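Letter by letter, the sequence shown follows residues 32 to 481 in my numbering.
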Amino acid sequence: MDEKDARSTQYDEGSLTLSGTVMLGTGVMIGAGIFALTGQMAEMTGALFPLAFLAAAIIVGFSAYSYIKMSNAYPSAGGIGMYLHKAYGDRLPTAFNALLMYFSMVIAQSFLARTFGSYTMQLFGGDPSGQMTPILGVSLILAAFIVNLLGNRLIQGVAGFIGLLKIGGILIFGLVGIWLADGLAVDFDQVSETGSTSNFLGATALGILAFKGFTTITNSGSEVIDPHRNVGRAIVISIAACVVIYTLVGFAVASNLSLSEIIETRDYSLAAAARPALGEYGVWFTVAIAMLATAGGILASVFAVSRMLAMLTEMKLVPHRHFGMPGSIQKHTLVYTVVLGLVLTAFFDLSRIAALGIIFYLVMDIAIHWGVLRYLLDDVKAKSWVPVTAIILDFLALSGFVWVKLNSDPFVLGVAVVTMMLIAIGEQLFLGSEKRKQAVSQSQAHERHH
32 MDEKDARSTQ
42 YDEGSLTLSG
52 TVMLGTGVMI
62 GAGIFALTGQ
72 MAEMTGALFP
82 LAFLAAAIIV
92 GFSAYSYIKM
102 SNAYPSAGGI
112 GMYLHKAYGD
122 RLPTAFNALL
132 MYFSMVIAQS
142 FLARTFGSYT
152 MQLFGGDPSG
162 QMTPILGVSL
172 ILAAFIVNLL
182 GNRLIQGVAG
192 FIGLLKIGGI
202 LIFGLVGIWL
212 ADGLAVDFDQ
222 VSETGSTSNF
232 LGATALGILA
242 FKGFTTITNS
252 GSEVIDPHRN
262 VGRAIVISIA
272 ACVVIYTLVG
282 FAVASNLSLS
292 EIIETRDYSL
302 AAAARPALGE
312 YGVWFTVAIA
322 MLATAGGILA
332 SVFAVSRMLA
342 MLTEMKLVPH
352 RHFGMPGSIQ
362 KHTLVYTVVL
372 GLVLTAFFDL
382 SRIAALGIIF
392 YLVMDIAIHW
402 GVLRYLLDDV
412 KAKSWVPVTA
422 IILDFLALSG
432 FVWVKLNSDP
442 FVLGVAVVTM
452 MLIAIGEQLF
462 LGSEKRKQAV
472 SQSQAHERHH
């Protein structure tokens with residue numbers, strides 16, 4: 032094996048089954064979505080937050096259409112990076128939007144890690160100092176890093192086992208919570224000023240963050256058995272499962288806690304909702320499920336995002352340095368992904384992590400739909416009205432979210448704008464650099480000789 036082969040990515044084709052792929056997708060979705068976003072959405076839109084989950088599901092349903100069409104046509108371990116390249120070519124829009132997706136996925140794993148810490152500390156009376164939550168989150172990311180080094184089949188086995196336990200546990204929580212609360216007793220009189228259109232759209236945007244884990248499935252494309260069929264199937268199954276689970280649990284929380292209680296316990300609202308419904312044993316049960324869910328989500332997220340960055344590196348769309356590390360590019364991008372996730376987990380709180388993630392994701396998502404509409408409509412056999420609708424819905428959700436944050440936390444908007452500007456400027460300089468042009472020429476020469 033020569034040095035180039037040793038440094039290239041190495042994918043294990045046919046190593047992921049349909050059920051394993053679904054577990055990877057739901058692992059990210061359920062972990063990020065239901066455990067920490069419920070309270071933040073309630074804070075934003077009041078008692079309407081269960082409906083905001085449903086609104087988010089509708090938007091994601093339209094969005095998934097473009098990803099399914101492209102995954103059927105171009106299954107790839109690079110997933111979204113490859114899809115953007117098919118639409119925009121070897122240009123800035125591809126690199127810029129792919130990096131937005133990369134950062135939103137790293138942010139998602141930091142969000143999961145923080146959620147893991149918040150719930151775990153409920154077993155010890157909370158975290159008044161605020162120090163143990165990030166420490167536990169960092170520890171979880173490091174554990175996921177070790178498992179990811181050990182190979183696809185172990186990842187699939189662990190994620191599948193965790194997925195079955197957490198889905199069963201969450202369903203039990205939702206059903207028992209509603210039954211003990213005598214049904215879906217949601218008090219819509221508590222909406223007040225938080226029920227404005229912009230606030231509802233903002234909460235819906237956060238709800239989209241709970242579903243966006245389905246995009247991790249696209250990054251496993253070339254490693255899925257029969258990817259032209261099974262990637263799309265896995266996306267549909269994952270979204271449908273999460274719609275049922277989020278709706279059930281959202282109403283269970285609203286039935287057992289007042290709006291003020293949900294907001295007060297926004298970082299661990301499911302554990303708080305379990306106490307009046309099921310007592311202390313219910314709290315322990317819910318925390319255990321949350322720990323499993325967030326751990327599985329971290330595992331799946333690290334798996335997918337490192338592969339996307341590796342693909343972008345091979346496509347010569349992002350700079351790469353080995354820093355003396357042995358092994359393939361895929362292993363290097365795994366290290367970069369974990370290090371960035373550790374920094375975010377240590378220094379950002381849950382609400383700001385979520386805000387950055389949804390802004391980056393929705394900007395990228397709009398670019399995906401525009402790419403399908405403008406450049407790939409015939410190639411992927413898509414109907415134009417679906418991506419048009421997806422763009423409109425994404426824009427409405429993003430506008431509502433930005434307006435809410437402009438009034439409540441403009442700093443996070445500033446961080447998002449500055450970060451996007453730095454990404455755009457940095458990528459423009461890199462794409463025009465002589466070093467990059469030489470790397471592209473060498474790659475093309477290598478392909479001609481093989």
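The C-beta atom is built at its ideal place from N, Cα and C for all residues, glycine as well.
From a predicted model like this one, the values you see are computed outputs, not experimental measurements.
Checklist entry - G120: buried (16+ other C-beta within 10 angstroms of its C-beta) or exposed? => result exposed
Checklist entry - Given L348, which residues of its chain have a CB within under 7 angstroms of its CB, disregarding the five upstream and five downstream residues? => result T125, A126, A129
Checklist entry - alpha helix (DSSP H) containing Y114: first to last residue? => result DSSP places Y114 in the uninterrupted alpha helix (DSSP H) bounded by 111 to 119.
Next on the checklist: Please classify R145 as buried or exposed, where buried requires at least 16 neighbouring CB atoms within 10 angstroms.
Outcome noted: Buried is the call here.
Next on the checklist: Taking its Cβ as the centre, do 16 or more other Cβ atoms sit within 10 Å of A400, making it buried, or is it exposed?
Outcome noted: The question names Ala, but residue 400 in the sequence shown is His. It counts as buried.
Checklist entry - For L348, which three-state DSSP category applies? => result Secondary structure of L348 (DSSP, three-state): coil.
Next on the checklist: Which of the three DSSP states is assigned to L288 in this structure?
Outcome noted: The answer is coil: DSSP assigns L288 none of H, G, I, E or B.
Item to check | Neighbourhood of H116 by C-beta distance below 7 angstroms, restricted to the same chain and skipping five residues each side | outcome: T125, M346
Checklist entry - For S223, which three-state DSSP category applies? => result A caution first: S223 carries a pLDDT of 45, below 50, which makes its placement in the model unreliable, though a value can still be read off. In the structure shown, S223 sits in a helix (DSSP, three-state: H, G or I).
Checklist entry - For the alpha helix (DSSP H) that T420 lies in, which residues bound it at each end? => result 416 to 439
Next on the checklist: So, with DSSP's three-state summary, where would you put L47?
Outcome noted: Secondary structure of L47 (DSSP, three-state): strand.
Checklist entry - DSSP state of V449, grouped into three classes? => result Correct three-state label for V449: helix.
Checklist entry - Which residues in the same chain have their Cβ closer than 7 angstroms to the Cβ of G157, if we skip the five residues on either side of it in sequence? => result Take G157, set aside five residues on each side of it, and no residue of its chain has a beta-carbon closer than 7 angstroms to its own.
Checklist entry - Could you check where the alpha helix (DSSP H) with F155 kicks off and where it finishes? => result From DSSP, F155 is part of no alpha helix (DSSP H); its letter is neither H nor E.
Item to check | Neighbour-count burial assignment, V275, 16 or more Cβ in a 10 Å radius | outcome: exposed
Checklist entry - With a Cβ-Cβ cutoff of 7 angstroms, do E287 and L49 count as a contact? => result The question names Glu, yet the displayed sequence has Asn at residue 287. Against a cut-off of 7 angstroms, the Cβ pair of L49 and N287 comes out as no contact.
Next on the checklist: Less than 7 angstroms between the beta carbons of S141 and I454, yes or no?
Outcome noted: no
Checklist entry - Which residue's Cα is closest to the Cα of L371: G168, A265, T249, G70? => result Checking every option, the nearest Cα to that of L371 belongs to G168.
Item to check | Spatial distance of W434 from I138 (CA atoms) | outcome: 21 angstroms
Item to check | Distance CB(S94)-CB(A421) smaller than 7 angstroms | outcome: Yes, these two residues count as a Cβ contact at 7 angstroms.
Checklist entry - Along the chain, where does the alpha helix (DSSP H) that runs through I256 open and close? => result Run containing I256: none; DSSP gives neither H nor E here.
Checklist entry - F72 and A324 look like a contact to me (Cβ under 8 angstroms); what is the Cβ gap, rounded to whole Å? => result Residue 72 is actually Met in this sequence, not Phe. Going by Cβ atoms, the distance from M72 to A324 rounds to 17 angstroms, so no, they are not a contact pair.
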